Structures are given as C-alpha cells and as structure tokens.
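Protein chains in written order, with our numbering: chain A, 192 to 840; chain B, 272 to 414; chain C, 25 to 311. Report on one structure; see the data block that follows.
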Amino acid sequence: MSRIGVFVCHCGHNISQTVRVSELAHFAAGLPDVVVAKDYRFMCSTPGQDMIANDIREHRLDRVIVTACSPLMHEHTFRKVIEKAGLNQYLLTIVNIREQVSWVTDDIEEGTAKAKALLNGAVYRARLLAPLSSRVIDVNSDVMVVGGGIAGIQAALELANTGKKVYLVEKNSTIGGHMAQFDKTFPTLDCSACILTPKMDAVLQHPNITLLTYCEVSEVKGYVGNFDITVRQKARYVNHDKCNACLACTEKCPGKGISGWDEGLIKRKAIHIPFPQAVPQRPVIDRDSCTYFLKGKCRLCEKVCEQKAIDFEQHDSFLNFKVGAVIVATGYDLMDTRPLIQYGYGKYPGVYHALEVERLFNSAGPTSGKVTMRDGKEPQAIAILHCVGSRDKNNYEHCSRVCCMYSLKFAHLFREKTSADVYQLYIDIRAAGKGYEEFYNRIIEEDVKFIRGKGTRVAPSADEPQRLIVEAEDTITGKFVRLPVDMVVLSPAMVPRSDYKEIARLFNLSTDKNGFFMERHPKLAPLATMSEGIFIAGVCQSPKDIPDTVAQANGAAAEALTIVSRQKMELEATTAMVNPASCCGCQNCVRVCPYGAPFFNEQKGVSEINEALCKGCGLCASVCPSSAIIARHFTNEQVLAEMEGLMEF
Amino acid sequence: MSFEPKILGIACNWCTYTGADLAGTTRLHYPQNLRVVRVMCSSRINPSFIFRAFQLGADGVLVGGCHPGDCHYNTGNLYARRRLAVTKKILEFAGLEPERFRVEWISASEGNKFAQVVTEFTAQIKELGPQQKLKIDELLEKI
Amino acid sequence: MTDFKQIENNLKKEAKKLLESAEVPVVLAYTRGYDEKHPMPFAAKSVADVEKIVFNEYCNFNMARYIMRFPDAAKIAIAAKAADSRALVVLIQEEKVRREDLVILGIPASGMKDPKTDQLIDSRTTGGLYNPVEYDILLGEEIRGQKTVSPYAVLADYEAMDKEARWAFWKGQLDKCIRCYACRKACPMCYCDPCFIDQNKPRWADKAPQSPGNMMYHLTRFHHLAGRCIDCGECSRACPVGIPLYLFHKKVAKECEEMFGQAAGMKLEDKPVLVDFRVEDSDQILK
C-alpha cells in the first residue's frame, strides 16, 4: 500500500483554461492509494512547494505526483522539494498536463479527460517506484573548448583566468576564426585585428591554456565531469618545437594552393601561415599543393630551414585529454551561393560574397586593402544584395541577423575607399543592437542608395559587356528597376559548418532543421545542451553578431565552471542492473551497449553492469530475453503499469 | 457518439518527448487521444510492451524516437529500428492491422511534425475502428 | 546418400577415436529408447558407451541444445545434422559455446521420419537443408543434386490470406495452446532460465492457458527467436496440440532475411540480426 499525494497545478490560466483542475484533483482523490489530492495556482511557487512539503509530513506520503508542466521543466525543482521533506527524490512522478494537454487543445472536455488518463497512469507507475541513490563521482577540473574563433577564444580566456586548465582545439592552423578575416567591425568601425589579435596572443601566452591548432576531435567518451576525448593532431610536416618562425621556407616554396583564408581570391604557398598575425606563428605544409607530395621532388623548404624543422615523415597523431566539461563553439560557414544561379556567383567575375569583400577591405588581404575587382579595376557602381538564401523559404527560413549591419558597413567602406555608387537592395533593415540604428542613420547620410526590394537576378549587361545588370522590384515605388553595376556583393545565409553532423554525433548534440545546435531550452538554458556537461556558444547555436557571441562565450564559460569548480557531483541514479537469478547468460546486453557497461562474469555465468559507465538508456533491458535486467526508474513493471493506467480511461 | 480511439505513445526523452513539448509551447493543437509514456530511449521499448499495449485496449501505438544518427545514446534507435520493424511484421502476420503500430523519428525541434503525425495517426485509427483482436475481455483476468 | 547404418558405424568409429584420445570427454549422439522408433539423446562418456550409440531415420531431434549441459567438459563432440549444425552456429555466435571446444560430427541426411506418424518429415516444415553448414568430420557423403525448395515456399498460402482470415487462423491455433512449453523445451535456441513468461517481476501475462496469455507468450517468443530460429521444426513436432509454429517462425525468418540480408545460423562470423544494426538500414522496414 502506497500513500500517494497528488498536486495539480493551475499554472495561472495556462493549465486551468483547458483542464478543469479542481475536477482533476477530485478525480485523483478517488483513486486507490491516493491519500491527498489538491490543486493550486502555482505549484512551483514557494507557497506551492511548501504545501507539498507540509503534506508529505502531515499525511506521511511516500509518493508524490505533481500534475503540472513538462518534467523537462520542473522535475528537478520538485525532486528537491520532496527530498527536503524527507522523501527520496525518485519517488516523484510528474504528469505533463501543460505542454502535452492544455496547450495542445482548446476543448476543456477533451483536455480534462486526457489529463485524467495521464494522472491515472502516473498513479499506477508511482506505486511501483523505488527509492534510488544518486551516484557521486569525482569531477575533472579541466575544460575543452572546441573552435578557436572569437567565441572559443573568449571562453578559453575566461576559464583560464579563473585558474582552470583549458584545451582549446582548432581545426585550422591558426586561431582567430572569421573575425580575423574582417577589416572593420560594425557599428563602431573599430579595426577587427586590433581588438582580436591581443586576445589571440593572450591565448598563446596563457599558462593555463593548451592550444591545439590543426587538430580535430575524433572521439568523445565518458560523461559529465569525466569526459575522455581523443584529438587528432593533423600532420603539419613542420616540427613546431624546432621552428623559429623565420618563414624562409614560405619564401622559397614553389607550391601554390588556394588561400582559404583569403576566400580563394589569391594563391598562397604550400608551406604557409594563413595570415601575418596568425597564432601560433608556425607554418604548416598543405599536402594538396606541395610539390614534393605531388611530384616526389622539391624539399626546398627543408634545404632552407636552418632549424631542421621540416619533417616530411610526420603523421597524424592522436592525443588524449580528460576534461570535466566541454564548450562547443564551431561557428559557421556562409551558404554556398553557386546553386542560386539567378545571382551568377561563380559565373560572373563581378559577383562576390560577403567574406570575399571583407578580405578586399583588409590591408592584409589579397589587394592590400584596395577595392579592386578580379580584373584589377575599381568598380564604378556596386550593388549589395541582402538576404541571399536567408529569409527565403526555398533555402533557409532564418534571418542571419548580421547581414544588414555588415552590408551597411560595406557601403560605408566602399564610399570611403572608392568613388562608386553603392546600392543596397534589402527586404527591410534590421538594426536591433546597441548603436545599430544610429549607424544605419549615419550610412543613409553617406549618399548610399537604398532600394527596398530583394535582388531577383544578376545578368550581364547587353550594352556594356563588362558590366552587370541587377534586377529588382522597388517595393516603395512599385517599379521594376534594372541597375547597371560593376560589382555585386551577395550577403548569403549563415549556415552551420559543413561538418556539423560529425560534431553533433561526437558530442551527442541535437540540431535544428538548419543544423544549428539545439540549446537545452530556448530561453532559460540557451547555452546548455541535452548532453550534460556540453555547452554551446556563438554562431554554431544560431546566427549572431560579435557582441552576442562574446556574451555567450562568457556565459558558457560560467556554465562550464559550475561543473568543473566542484570536486564531486551527483549523477542520475537511473542506471541498469542485472538480477543474476534471472540472467540466462545470452550476453545480448554486452553486445548492444554503446558504452560497454555490461560485462559477462564467466565464473557466475551471468552478466553484470558497470554502473559508472551506464547512461541509463535501457537498451539492455529491452534486448534481455529473460527480463533479468532492471532499467531503474523505467523498469518493465513500471512501464507496464503506467500503460495499464493510461489505457484504463 | 463517434469512436474516440485510445492511442498509446511511447516517446524517447531527448527527441520526441521534447518535440511534443515544443508542439505545446508553440500551441499547436492535435487530437487528445494520445497518452504518452516517457522512456529514455526508443531502444528501451521491449516488443512485449507493444503486444501488451494492444492487450490493454490501445487502438493504436505510436513510438517516437530520435532520427537515426541523432540518438542521444548514439546507436539506440538503430537497434530499435530493427527490433520494432520485426514487431510490426509479427503483428501483421498474426492478422492484426500493422497500421495500428507506427514508428516515427521526431526530433526535439520538430514540434510541428509531432502534431502532424499525431493528427494523421489519430485519423487513421478512427478510420480503422476499435481494436478488438488483442484486447483482453474485461471478464478475463487482467494480470 | 550414405545409409543410416553406415552413418551409425562411422559415428561409433569417430566417437571411439575421440573418447580414446581423452581429448574429448563427451560425445553427444543418440541411443535406443523404449523401441528403435524412439531414440534418445545420449552422452557417451567412455569407450564402453560407444556401443550404445545408434543412428537411424528417427533421430530427428535437434541435439544442439544439449551442449550447454556440459559446462565442465573441455571439449564436446556432437552429432549434427543440417539443422543441428545451424543451431550450433547460432550458439557459437551467442557465445554459449566456443567453436574450438566443439568437434562437430556432421551428418548429411535427406529425410528423417517422425515416429508419431512413421512418415518422412515434410521438408516444407523445416529448413530443407541436407548437409551440415559447419562440421569437422562428415560422417557420410555430402548430398548433391537433390532437389531443394525454398524454406519459405510453404508460406505462400498464408501470406495470400486476408488479415481477417489470418487472424482467425492464428487465434484458432494459439487458443489451442495448453502452455505445456514443449515448444521451448524442444527449441535449441530457447535456453533462457527462467523464460520471460515464467517471470513474476514483471508478470508479462497470466499463466493459465487462456487466449491473452497464449498470445503474449507466442508473439513474444516469435520475436525472441527472430533472426535466431534455424528452422528445424522441432517446436511444431513437439507440440501436443499440433500448432504449426514453424509457419510463424518461417515468416519471421523470411522477413529478417529480406530486411537484414542474413539467414540464421549460416555463418560463424554473422551476428544475430536483432542485436546488430547497420547505419544504412532503411526506414522503409518500419512502414
């Protein structure tokens, strides 16, 4: 016989408008083993929590059912409530009558009926719940940050400054990310390198940061507090310990490769550093453009290197790190605009995408900061097309948030550096941010021509073969416009990195429909993920500007700290165990477990489970033919009983 | 009165249950015939749960898990896919309507898919009518 | 094919050799029961036991399940017909026994008799193979050139039934079940102790031979044997009320083979399909 208390929450009107809460409490009171049933306006409020705690003591309750919002929202809250009142926290059952009842119907009859069925199921389940004891584990105090853009740099520095050891993993040969490609940043127009390079250098110098450039995470094992991560150090063919960054090698190298850093606008040497301020200041050899790797002869770099740092025999190596928490800050790519053939990117040399233009402005870029086009000429008229592939149901529905502002920045820089006419073709200008509207107003004053209408087509001019015609409908005048220009700048959708699926798989992250990593809760847990101990920051979560990215990075660092600043932490007790009397020794559990938690005890002829490795998925329990495995908190009996209760009404 | 089927849902905590919550948060309406059991992973679902659900009087059973490749436990749903496929074949060969048992991959961001699947499935089960074949007669012992 | 008497002689000869060598302490074979039509499983443990070994057309039952009774024997020799050898392969895959701990005495045979009917067992109720798929020593000549039919051919009539007729058929059949569990006792793959149906935590079904419990027992058992049943037909021959369980097992085996491209117990290196997956398995299998 259990003594169950049922607590029905109104959630203001959120639940009570489509579920008759007092009727539900009355119904609950009539169910077997329910000794008290109450409804209250806000069960999660302090008076609500106190009511539950008092009733546990007064009625000697041994099970509590809270009929309210999703367990993903408040299970933790109410577990703490009953624990304080002396009940084991796993003796709580949450019935989700908000997200899965009151918010998905407007029919109070239906809503109330469904709520009754769900509550009945919970009563059946609650009777069979067992107290469980949480596992306490040691927490590793180090953190890994994946991605060396501004988000990763910021998070790593914040953490390192608190005294934590940080491993910063970057797949390129330098940190800096996209921000290092920019010339100026909106709306202040401060020099990107001037504010970023000191931070990059701080990372390199920081005693608590281990910088792992040219590295990729290849395997993630373990769990919160105890991740065991393997990182692949890609072969650089340069011994970085010996290299003194004289860069004589890069001068002599005959190999030419496409410079990813300069968005392919120029070639760079096979042995190279991506840009002058790169951190670390150490070259790598790109196999795909190296004469020696391609033809088997050359090794000029080896000959000129006085340090004997060139090592053609180098192989990828694997490094292993143990950390307590991880911050994923892998950033973004620009959408490949070539499939949008109406814009002619890749077909007409006069069409550029935004990152290429960033490089044109940059004094360390391919044109040393001069705005000259692929044909070497300075443009006389320039059209900047907003929302290319974003805010577009045929491509990406989301707004990329920063394109309006950087397009305005481009307009300013074009006006400053050339005498060209600049056209902005926009749907509407989104200037929500500190100083952004002011910046917009400033650009309007700078004799930039604004046409409210999406650019629909770019085609060569029939009259002037060197020029392009941009077509659009000006939605203010209602007229169709055809603009003869020399240069077209596309502001494409920001999309996740091309390898986002691999990152999601490694760290067990969910993604939204566009591939951005999912936060645990869109409002209340924007940096946490469904994987305990893994946090996200920056554009890999959704498009955002630099200030927001930095704020998220600081936040993620703080979140990671809440884990690694503890020495011990509690883990969910919902692991599996084997009842040896029922185990038939088939070893199905051993075969299927993704974590290697079950093992076969040859002496006893039965399987056993290493609970430290178990994550509680319950797969072993369902493949166990003799029902010997008990998936705690989701046992066969508990699930069957809940089903029976649900189907009764 | 029109037939209101009882539909048992079994949803994994990380994707489909969260997706169902999202349907609620975004106030997408769908029929109220579904009652969801939350499990940690679709791989927790023992085939006997499905048989038992029909015996308990479910007119339809809907299982929801993460998309293959997105399982919170890496590979759980890949096992579940095979095991539940076989469950369905067994129901079918026994002469039950296999349409009464449906497996869908619904991610945490697919609130609209959740609502749409539930709406469709409920309509389909209404069309099929009550499930009598496996349902245990009230007079007999219900274990 | 080599005649039964010759196989018996070869079996005795090999058994004697193995037992004499002391390398193999147990030879699993058959001996005479209360008459020659009812041979029994027999574990020869000494050279003296060898004379008691028999092999005739009634030695139809699957010997594989008995290997688990000798956990202390360093090595076991076992007489294995085609189906028995497939069962051994599954047991090896499931690590109930190691291949190197077995000496498989393969027996090619093209037709065994059911003592209940004194007729040849209808090959459509079994896997229809003549030669063992895995053996160390073959006790007769491999059977070649004999006509074989698909083990699934017999299903055509049942697959053609509409679902109501199929339900009526299976409901009728499974309602007959008296829950004697002869099927699981005869099955070389049913080695769970206890069986799920005998569990009290949870109680999956009532224990009385009534329709709902019968359904739960059989439907779940079909699932537990999915991708493992090697189609020996023992369950159906053991059934005292004549439920054609082989039909259902064949259907599940056929579906598994179609979905996962692998038949049970054919290759040592296979993994049973339901404790395995491929990333590229199609979602279509759930439709």
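Glycine residues also receive a C-beta, built at the ideal position from the N, C-alpha and C atoms. On a predicted model such as this, the values are computed, not experimentally measured, just so you know.
query: Between L112(C), A106(C), R122(C), T141(C), which lies nearest to Y154(C) when the distance is taken from Cα to Cα?
result: For the purposes of this step, residue 154(C) is taken as the residue at position 130 of the third sequence. The shortest Cα separation from Y154(C) among L112(C), A106(C), R122(C), T141(C) belongs to A106(C).
query: G809(A) and A764(A) look like a contact to me (Cβ under 8 angstroms); what is the Cβ gap, rounded to whole Å?
result: Position 618 of the first sequence, counted from the start, is the residue given in the question as residue 809(A). Position 573 of the first sequence, counted from the start, is the residue given in the question as residue 764(A). At roughly 14 angstroms, the Cβ-Cβ gap does not stay under 8 angstroms, so G809(A) and A764(A) are not in contact.
- prompt: Would a check of beta-carbon distances place S450(A) closer than 8 angstroms to chain C?
  reply: Within the first sequence, residue 450(A) is the residue found at index 259, counting from 1. It does not: the Cβ of S450(A) has no partner Cβ on chain C nearer than 8 angstroms.
query: Quick one: is M64(C) buried, meaning 16 or more other Cβ sit within 10 Å of its Cβ, or exposed?
result: Position 40 of the third sequence holds residue 64(C). By the 10 Å Cβ count, M64(C) comes out exposed.
- prompt: How many angstroms separate the CA atom of P398(A) from the CA atom of P471(A)?
  reply: Within the first sequence, the letter at position 207 stands for residue 398(A). Within the first sequence, the letter at position 280 stands for residue 471(A). Using only the alpha carbons, I get a separation of about 15 angstroms.
query: With DSSP run on the structure shown, which of helix, strand or coil describes R309(B)?
result: Position 38 of the second sequence, counted from the first residue, corresponds to residue 309(B). Three-state DSSP puts R309(B) in a strand.
query: S378(B): which of Y539(A), G706(A), A742(A) sits nearest, CA to CA?
result: The residue labelled residue 378(B) in the question sits at position 107 within the second sequence. With distances taken between Cα atoms, S378(B) lies closest to G706(A).
message: Taking contact to mean 3 or more Cβ pairs, one atom from each stretch, closer than 8 angstroms, check whether the stretch 317-326 of chain A and the stretch 394-414 of chain A are in contact.
response: no
message: Can you confirm whether the stretch 397-405 of chain B touches the stretch 53-61 of chain C when touching is taken to mean that 3 or more C-beta pairs between the two stretches lie within less than 8 angstroms?
response: no
task: Measure the CB-CB distance between D246(A) and V225(A) and report whether it falls below 8 angstroms.
output: On the first sequence, position 55 is the one that residue 246(A) refers to. On the first sequence, position 34 is the one that residue 225(A) refers to. No. Outside cutoff.
query: Mind pulling the beta strand (DSSP E) runs of 3 or more residues that sit fully within the stretch 221-250 of chain A?
result: 225-231
message: Looking at the secondary structure, which residues open and close the alpha helix (DSSP H) in which K187(C) lies?
response: Here residue 187(C) refers to the residue found at position 163 when the third sequence is read from its first residue. K187(C) -> alpha helix (DSSP H) spans 187-199.
- request: Please name the residue, chosen from R688(A), Y691(A), R643(A), that lies closest to F888(A) on a Cα-to-Cα basis.
  value: Coverage of chain A is limited to positions 192 through 840, which leaves residue 888(A) absent and any answer about it impossible.
task: Ignore the nearest five residues each way along the sequence and tell me which others in E662(A)'s own chain have a CB closer than 6 angstroms to its CB.
output: Here residue 662(A) is taken as the residue at index 471 of the first sequence, counted from 1. Closer than 6 angstroms at Cβ, skipping near neighbours: T647, R648, R673.
message: As an exercise, report each continuous alpha helix (DSSP H) stretch of at least 4 residues that is fully enclosed by the stretch 466-507 of chain A, in chain order.
response: 482-486, 491-495
message: I believe L299(B) touches G366(B) by the beta-carbon criterion, under 8 angstroms. Please report the beta-carbon distance rounded to the nearest angstrom.
response: Your numbering for residue 299(B) matches position 28 in the second sequence. Your numbering for residue 366(B) matches position 95 in the second sequence. Not quite, the Cβ-Cβ distance comes to about 36 angstroms (not below 8 angstroms), so this is no contact.
Pick from T303(A), A819(A), V593(A) that is closest to P218(C), judged by C-alpha positions: What you label residue 218(C) is simply residue 194 of the third sequence in a count that begins at 1. It is A819(A).
- prompt: Alpha carbon to alpha carbon, what distance is there between S591(A) and A611(A)?
  reply: Along the first sequence, read from residue 1 onward, the residue named residue 611(A) stands at position 420. Along the first sequence, read from residue 1 onward, the residue named residue 591(A) stands at position 400. Roughly 27 angstroms between the two C-alpha positions.
- prompt: Do the CB positions of D507(A) and R565(A) come within less than 8 angstroms of each other?
  reply: By 1-based counting over the first sequence, the position of residue 507(A) is 316. By 1-based counting over the first sequence, the position of residue 565(A) is 374. Not closer than 8 angstroms, so no.
task: Starting from Y215(C), find everything on chain A with Cβ-Cβ shorter than 7 angstroms and list it in chain order.
output: As a working note, residue 215(C) is residue 191 in the third sequence. Those are C775, listed as they occur along chain A.
task: Residues of the stretch 371-388 of chain B with a CB closer than 9 angstroms to any CB of chain A: list them in chain order, please.
output: S378, A379, S380, E381, A386
query: In chain B, what lies closer than 7 angstroms to F272(C) by C-beta?
result: Residue mapping note: residue 272(C) aligns to position 248 of the third sequence, counting from 1. What F272(C) touches in chain B: F364.
message: Going by beta-carbon coordinates alone, are C731(A) and A520(A) separated by less than 8 angstroms?
response: On the first sequence, residue 731(A) is found 540 positions in, with the first residue counted as 1. On the first sequence, residue 520(A) is found 329 positions in, with the first residue counted as 1. Yes, these two residues count as a Cβ contact at 8 angstroms.
query: What span of residues does the alpha helix (DSSP H) with C811(A) cover, start to end?
result: Reading the first sequence from its first residue, position 620 is the one you call residue 811(A). Element bounds for C811(A): 810-814.
- prompt: Nearest-angstrom Cα distance between M185(C) and W191(C)?
  reply: Stepping through the third sequence from its first residue, residue 185(C) is reached at position 161. Stepping through the third sequence from its first residue, residue 191(C) is reached at position 167. In a straight line, the C-alpha of M185(C) is about 9 angstroms away from that of W191(C).
- request: Compute the Euclidean distance between the alpha carbons of C777(A) and F726(A), then round it to the nearest angstrom.
  value: Indexing the first sequence from 1 puts residue 777(A) at position 586. Indexing the first sequence from 1 puts residue 726(A) at position 535. Distance between the alpha carbons of C777(A) and F726(A) is about 39 angstroms.
query: Within the 8 angstroms Cβ cut-off, does V696(A) reach chain B?
result: On the first sequence, position 505 is the one that residue 696(A) refers to. Correcting the residue type first, residue 696(A) is Arg in the shown sequence and not Val. Chain B, which has a Cβ nearer than 8 angstroms to the Cβ of R696(A), makes this yes.
- request: Quick one: using the 10 Å Cβ neighbour count with 16 as the cut-off for buried, is D307(C) buried or exposed?
  value: Residue numbering aside, residue 307(C) sits at position 283 when the third sequence is read from its first letter. Its Cβ having fewer than 16 others within 10 Å, D307(C) is exposed.
- prompt: What do you get for L35(C), buried or exposed, if any count of 16 or more other CB atoms within 10 angstroms of its CB means buried?
  reply: Locating residue 35(C) in the third sequence gives position 11, where the first residue counts as 1. Buried, by the Cβ-count rule.
field: Own chain partners of G239(A) with C-beta closer than 6 angstroms, once the 5 adjacent residues on each side are dropped
entry: For the purposes of this step, residue 239(A) is identified with residue 48 of the first sequence, where counting begins at 1. Correct list, in chain order: Y231, F233.
Three-state class that DSSP yields for Q571(A) in the structure shown: Reading the first sequence from its first residue, position 380 is the one you call residue 571(A). Three-state DSSP puts Q571(A) in coil, outside helix and strand.
message: Check for me: the beta strand (DSSP E) holding A24(C) runs from which residue to which?
response: No answer is possible for residue 24(C): it lies beyond the span of chain C, which begins at 25 and ends at 311.
- prompt: Could you give the distance in angstroms between the alpha-carbon of P474(A) and the alpha-carbon of M391(A)?
  reply: Working through the first sequence from its first residue, we reach residue 474(A) at position 283. Working through the first sequence from its first residue, we reach residue 391(A) at position 200. Approximately 17 angstroms, taken between the alpha carbons.
field: Same chain, Cβ closer than 6 angstroms to N435(A), five either side skipped, listed in chain order
entry: Indexing the first sequence from 1 puts residue 435(A) at position 244. Excluding sequence neighbours, N435(A) sits near Q498.
task: Under 9 angstroms between beta-carbons, which chain A residues line up against A222(B)? List them in chain order, please.
output: Missing from the structure shown is residue 222(B); chain B here goes from 272 to 414 and no further.
message: With three or more beta-carbon pairs closer than 8 angstroms as the criterion, would you say the stretch 250-269 of chain A touches the stretch 284-301 of chain A?
response: yes
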